[in-house]
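So the protein sequences, as listed, match chains A and B. If you want this note's numbering, it's the position in the first sequence, counting the first as 1, plus 19. If you want this note's numbering, it's the position in the second sequence, counting the first as 1, plus 7. First comes the structure, then the notes that go with it.
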Amino acid sequence: MDTALSVKGLRKSFGDRTVLNGVDFRVDSGELVVLLGANGSGKSTALRCVVGLTKPDAGEVKIAGKTSAAMVFQQIHLVRRRSVIDNVCAGGLAGLPLSRSLAPVLFPKELKERAMSCLERVGLADRARDKASKLSGGQQQRVAVARALCQGAKVLLADEPVSALDPAAAKQVMDLLAELAHEDGLAVAAVLHQPDLARRHADRVLGLLHGEIRLARPAGELSESDIDALYAPDLVVEA
Amino acid sequence: MKTRKYLTTFGIVAALAVAHVFAWRGAEISPGALADGWHGMARFLGEAVPPDLDWATVVQPGLEACLVTLAMGLLGTTLSVPIALALAVLGTRGRNPVVFQLARGIMSLLRATPEIVFGLIFVTAVGLGPFAGVLALLTHNIGVMGKLWSEAMDEVDPGPADALRVSGANGAQVVANAVLPAVVPALVGLLLYRLDVNVRSSLTLGVVGAGGIGFLIYQSIQLFQFKQMATYILMVLVVVIVVDLFSAAVRRRLAR
Ligand SMILES: Nc1ncnc2c1ncn2[C@@H]1O[C@H](COP(=O)(O)OP(=O)(O)OP(=O)(O)O)[C@@H](O)[C@H]1O
Ligand SMILES: [Mg+2]
């Protein structure tokens with residue numbers, strides 16, 4: 020498989036606190052990679068550096084395809100008052116002239132059709148006209164995935180996409196992410212806090228510790244001691 | 008540790024008690040005067056019923072004055088929108104600290120000065136009448152609404168904007184499709200709340216000569232026309248309740 024996302028030597032400090040200390044990893048097209056790590060280990064910072072929401076101090080990010088990577092968030096971040104379809108359209112505004120993108124009524128027909136097919140992909144085409152806030156958390160997260168798909172990226176990042184969802188909804192979203200990798204050939208990288216979900220859905224698991232990737236395993240080979248090492252309280256760092 | 012906590016509490020209570028003693032004297036509180044004046048007030052209220060409902064001399068001028076009051080409240084609110092909006096945007100967090108402090112400073116100054124003081128100033132500038140009232144309301148309202156709007160803008164969740172930025176949307180697209188949909192309902196809600204308050208404030212401005220139903224009430228008290236006063240107060244009651252219901256209903260819709 021070809022590499023869709025490669026990250027080399029990513030560094031980031033906030034003040035004198037070094038969060039990323041040379042992070043290297045790659046994600047291939049067609050695979051779902053799960054990133055594990057303790058609270059504060061820098062998982063979100065790494066993803067935000069990849070999509071450009073945070074400016075890294077150093078490092079190289081290479082992404083396949085014409086657009087940047089797409090991303091979904093734990094807090095979902097839909098515009099609650101707008102309809103589901105308008106939210107999905109909003110993911111595909113890049114490059115449109117302002118005259119076609121300042122309000123949903125102006126959105127071009129092609130964009131609406133593309134958004135509709137993305138909604139079909141996540142199984143929510145029948146809710147297109149509903150206000151986003153009316154949907155359940157799990158459904159909203161799938162709408163957020165559709166919005167990310169509407170961007171047309173080859174790389175999809177997800178920062179704790181299921182942390183706010185109940186187990187059934189979490190499974191649905193993880194199944195969706197796995198399908199997007201395996202069937203649609205996207206490179207998907209998701210931050211999770213549940214090692215069990217990682218074992219069940221991921222192809223590969225990475226572990227972030229002390230600002231570096233310290234663990235890389237096929238999901239099937241992930242052992243309890245791997246997990247313990249990642250989440251062990253570390254007195255040297257905490258002090 | 009516990010003793011210190013008790014001592015602090017005791018200190019605060021004692022300070023409050025002393026403050027009340029001074030305040031009581033400073034405000035010249037006199038229950039005796041209230042008891043003595045009670046008969047006067049009772050007579051005064053007795054004379055107010057039944058209200059004077061003469062169409063030509065009371066009701067019609069009263070209704071016209073109510074419209075003036077509403078007009079003052081409306082214009083005092085809407086005309087303040089452009090400057091309030093500009094100051095509110097400049098006064099949001101994460102901006103150049105000099106600009107931020109300056110904008111918040113101007114708004115604090117306008118907010119701290121009551122409408123009635125602006126009213127007195129503008130009456131000397133443009134003469135008696137509702138125009139002075141509108142100017143007074145809008146100046147004070149710029150400060151209050153600007154601050155409320157700034158805070159509403161500060162509270163907007165940056166998440167949806169981040170999500171659009173990631174997808175490659177440009178600044179204008181992000182504002183139009185993530186920031187405004189979140190912030191506009193809040194701003195409109197606050198605007199309606201201020202409309203409600205300003206209609207009530209324009210009543211007091213009548214006293215310093217800004218016209219409207221407030222002025223008629225003031226005048227009827229000065230002339231001991233208590234039956235007329237009663238009519239006007241009933242009208243005010245209706246106006247205030249209607250405006251309040253209207254603004255509350257719209258705000259409730261927006262909140263959904
Ligand atoms: N904008 C910022 N300014 C200052 N410090 C920050 C900023 N963003 C993150 N940090 C710090 O960087 C460290 C890593 O944060 P990050 O959010 O990347 O961790 P995380 O692995 O995603 O944690 P969690 O599992 O809790 O989501 C934390 O100590 C955090 O306080
Ligand atoms: Mg995080």
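From the three backbone atoms N, C-alpha and C, an ideal C-beta is built for every residue, glycine too.
*So, does the CB of I95/A fall closer than 9 Å to a CB anywhere in chain B?*
Cβ-Cβ to chain B under 9 Å: yes for I95/A.
*Does the distance from the C-beta atom of V210/A to that of A189/A stay below 9 Å?*
No, the Cβ-Cβ distance between V210/A and A189/A is not below 9 Å.
*Any heavy atom of ligand 1 closer than 8 Å to the Cβ of K62/A?*
True, at least one ligand heavy atom lies under 8 Å from that Cβ.
_Check whether the stretch 43 to 56 of chain A and the stretch 200 to 209 of chain A are in contact - that is, three or more C-beta pairs closer than 8 Å._
The way I'd put it, the stretch 43 to 56 of chain A does touch the stretch 200 to 209 of chain A; three or more beta-carbon pairs between them come closer than 8 Å.
*Taking the CB atoms as reference points, tell me whether A120/B and L198/B lie closer together than 9 Å.*
Before going on, a small fix: residue 120/B reads as Thr here, not Ala. No, they are not a contact pair.
*In chain order, what residues of the same chain lie with their CB nearer than 7 Å to the CB of S244/A, ignoring the 5 residues before and after it?*
Taken in chain order, the list of residues that qualify is empty.
_Buried/exposed call for I229/A, threshold 16 Cβ in 10 Å_ = First, the amino acid is wrong: residue 229/A is His here, not Ile. It is exposed - the Cβ of H229/A has fewer than 16 other Cβ atoms within 10 Å.
*Buried or exposed for P237/A, please, with buried defined as at least 16 other CB atoms from any protein chain shown within 10 angstroms of its CB.*
P237/A should be labelled exposed.
*For F253/B, which residues of its own chain have a beta-carbon under 6 Å away from its beta-carbon, when the five flanking residues on both sides are left out?*
Correct list: empty, nothing qualifies.
*Where N184/B falls: helix, strand or coil (DSSP)*: DSSP places N184/B in the helix class (H, G or I) of the three-state scheme.
*asked:* List, in chain order, every chain B residue whose beta-carbon is nearer than 8 Å to that of M90/A.
replied: Here the neighbours are A170, V173.
*ligand 1 heavy atom lying under 8 Å from the CB of G166/B*: False, no ligand heavy atom lies under 8 Å from that Cβ.
_A251/A - DSSP class collapsed to helix/strand/coil_ = Coil at A251/A, not helix or strand.
*Cβ-heavy atom distance between D76/A and ligand 1 below 8 Å?*
The closest heavy atom of ligand 1 lies 8 Å or more from the beta carbon of D76/A.
*asked:* Using only CA atoms, which one of N177/B, L14/B, T16/B, I224/B lies nearest to S120/A?
replied: Nearest to S120/A by C-alpha distance, out of N177/B, L14/B, T16/B, I224/B, is N177/B.
*asked:* Using only CA atoms, which one of G166/B, D161/B, V250/B lies nearest to V204/B?
replied: Closest option to V204/B, Cα to Cα, is V250/B.
*Are Y239/B and A72/B touching if we call contact CB-CB under 9 Å?*
In contact: Y239/B and A72/B (Cβ atoms closer than 9 Å).
*In angstroms, rounded to a whole number, what distance separates the CA positions of G34/A and D76/A?*
Spanning the alpha carbons of G34/A and D76/A requires a straight line of approximately 12 Å.
*Starting from E231/A, follow its DSSP beta bridges and name the residues at the other end.*
DSSP output for E231/A lists L228/A as bridge partner(s).
*Any chance the CB of L227/A is under 8 Å from a heavy atom of ligand 1?*
Of the heavy atoms belonging to ligand 1, at least one sits nearer than 8 Å to the Cβ of L227/A.
_Residue interval of the beta strand (DSSP E) (run including G213/B)_ = Judged by DSSP secondary structure, G213/B falls outside any beta strand (DSSP E); it is assigned neither H nor E.
*Beta-ladder partner(s) of L51/A, from DSSP*: Residue pairing by DSSP places L51/A opposite V207/A in a beta bridge.
*CB L227/A to CB R233/A, shorter than 9 Å?*
Going by C-beta atoms, L227/A is nearer than 9 Å to R233/A.
*Is the beta carbon of P137/B less than 9 Å from the beta carbon of A91/B?*
No, the pair does not count as a contact, with Cβ atoms beyond the cut-off.
*Quick one: using the 10 Å Cβ neighbour count with 16 as the cut-off for buried, is W156/B buried or exposed?*
Buried.
*Do you know how far the Cα of L117/B is from the Cα of E158/B?*
Using only the alpha carbons, I get a separation of about 16 Å.
*Establish whether the CB of L115/A and some CB of chain B are separated by less than 9 Å.*
By this cut-off, L115/A is an interface position.
*Hey, does D61/B have any beta-carbon neighbour from chain A nearer than 9 Å?*
False, the Cβ-Cβ gap to chain A never drops below 9 Å.
_Beta-carbon neighbours of V70/A, restricted to chain B and to distances below 7 Å_ = Within 7 Å Cβ-Cβ: V173.
*Run the proximity test for V70/A: is its beta-carbon closer than 8 Å to any non-hydrogen atom belonging to ligand 1?*
Outside the cutoff, so no.
_N205/B in three-state terms, based on DSSP_ = If DSSP states are grouped into helix, strand and coil, N205/B belongs with the helices.
*Assuming R166/A and G110/A make a contact with CB atoms under 8 Å, what is their CB distance in whole Å?*
Contact holds; Cβ gap of about 4 Å.
_Span of the beta strand (DSSP E) around S25/A_ = Residues 22 to 33.
*asked:* Measuring alpha carbon to alpha carbon, tell me which residue in M152/B, D61/B, R11/B, A55/B is nearest A95/B.
replied: Here the closest residue by C-alpha is M152/B.
*Within the same chain, show all residues whose beta-carbon is closer than 7 Å to that of T64/A, passing over the 5 residues directly before and after it, in chain order.*
Same-chain partners within the cutoff: K31, V38, L39, T73.
_For E257/A and I246/A, I'd like the C-alpha separation in whole angstroms._
Note on E257/A: pLDDT 44, under 50, position unreliable in the model; no value is reported.
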